[in-house]
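Residue numbers (my numbering): 8 to 330. Ideal Cβ placement from N, Cα and C applies to all residues, glycine included. First comes the structure, then the notes that go with it.
Right under this line is the structure:
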């Protein structure tokens, strides 16, 4: 915890840090109910109702406090953040035969206590914090749990098949495809500040109104797809895989969606090959990120880039022997 007499980046006036402790205990019951109905030998219906959870970001739980006197800014952690809990409901229909599987389904998820980092600029009213009993005029940055539940719903389709009914050498082809379309909604709170000038004392009247903005869930893409084309024949096995993820919301601007932070969509290709050369002896080759896919983020307005990362391509070669 930064001392109240120490301005970050400024001249040291007192010991820079004080030790502090925080703790948080989680106790959760996660029921899981599943039902399978099979009216025909080649068709079934699957229903599921489950509960899951996600822990808060560890850094957000740390009970730190950063006071910047020159910028009138307070930033602190919150060890009392709640875990996000989700109630999940799924309905899937499956058709299958000796040549493969076709599945389609609908899902609905209600998530409570999502945590996010909230920035409140130019506070108009007093606000308690250690060493700072009145933060009027300050900007406060802190992690919070959302008060309203967030929802995500959508459709998912999956195909798994082999082409063994085709003549050789095409009978070694295998195919896997998965596609999901998702709609999510979250209410993000923020504060609107208004200033009114009058001809009578106090002449300036400032008000703060709490409201909320509706947008999609942080980190949730609207589309996700996976495609794998494989081949298996005479001891050889190969898979060329593609993973597509649509853009997602990285950060939320209090009032203007044009200033939202966006993680760009991406397409990644990977290749795995295996060849059995003797009983129990196999040569393995993996090529990850074939096209050296760039990961980037940007601000929605005119797509100003804020992050660009290239991780490169990796190649792994190995020998596997099974006794």
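Check residue 310 in the structure and name its three-state DSSP category. DSSP places residue 310 in the helix class (H, G or I) of the three-state scheme.
Relative to the C-alpha of residue 233, which candidate in 307, 118 and 247 has its C-alpha closest? Here the closest residue by C-alpha is 247.
Would you check if the distance between the CB atom of residue 170 and the CB atom of residue 177 is smaller than 8 Å? Judged by beta-carbon spacing, residue 177 lies within the 8 Å limit of residue 170, meaning their Cβ atoms are closer than that value.
For residue 252 and residue 319, the rounded distance between their alpha carbons: So the alpha carbons of these two residues sit roughly 19 Å apart.
In whole angstroms, what is the alpha-carbon distance linking residue 184 and residue 250? Cα to Cα, the separation comes out at about 10 Å.
By Cβ distance, which residues of its chain are closer than 7 Å to residue 236, with the 5 residues on each side in sequence left out? Apart from sequence neighbours up to five positions away, the residues of its chain that approach residue 236 with a beta-carbon distance below 7 Å are 182 and 247, ordered along the chain.
Inspect the CB distances between the segment 185-197 and the segment 216-233 and report whether three or more fall short of 8 Å. Three or more beta-carbon pairs drawn from the segment 185-197 and the segment 216-233 are found closer than 8 Å, and the two stretches are therefore classed as touching.
Taking the straight line between their C-alpha atoms, what separation do you get for residue 200 and residue 161? Roughly 37 Å between the two C-alpha positions.
Across which residues does DSSP place residue 144 in a beta bridge pair? Answer is none; residue 144 lacks a bridge partner.
Would you mind reading off the limits of the alpha helix (DSSP H) that contains residue 65? Boundaries of the alpha helix (DSSP H) around residue 65: 65-68.
By Cβ distance below 6 Å, which residues in the same chain neighbour residue 301 in space, the five residues on each side in sequence not counted? Result list for residue 301: 317, in chain order.
For residue 266 and residue 53, what's the separation of their Cα atoms in angstroms? So the alpha carbons of these two residues sit roughly 42 Å apart.
Below 8 Å on the Cβ atoms is my guess for residue 142 versus residue 121; work out the distance and round it to an integer in Å. Not a contact, Cβ separation roughly 25 Å.
Would you please state the rounded distance, in angstroms, between the beta carbons of residue 128 and residue 85? I believe it to be under 8 Å. Residue 85 and residue 128 do not touch by the CB rule: their CB atoms are close to 19 Å apart, not below 8 Å.
With 16 as the cutoff for other CB atoms within 10 Å, does residue 286 come out buried or exposed? With fewer than 16 other Cβ atoms within 10 Å, it is exposed.
May I ask you to report which of helix, strand or coil DSSP gives residue 285? Residue 285 falls in the strand class under three-state DSSP.
Assuming residue 314 contacts residue 264 under a Cβ cut-off of 8 Å, what Cβ separation, rounded to an integer in Å, is found between them? Not confirmed; about 19 Å, so no contact.
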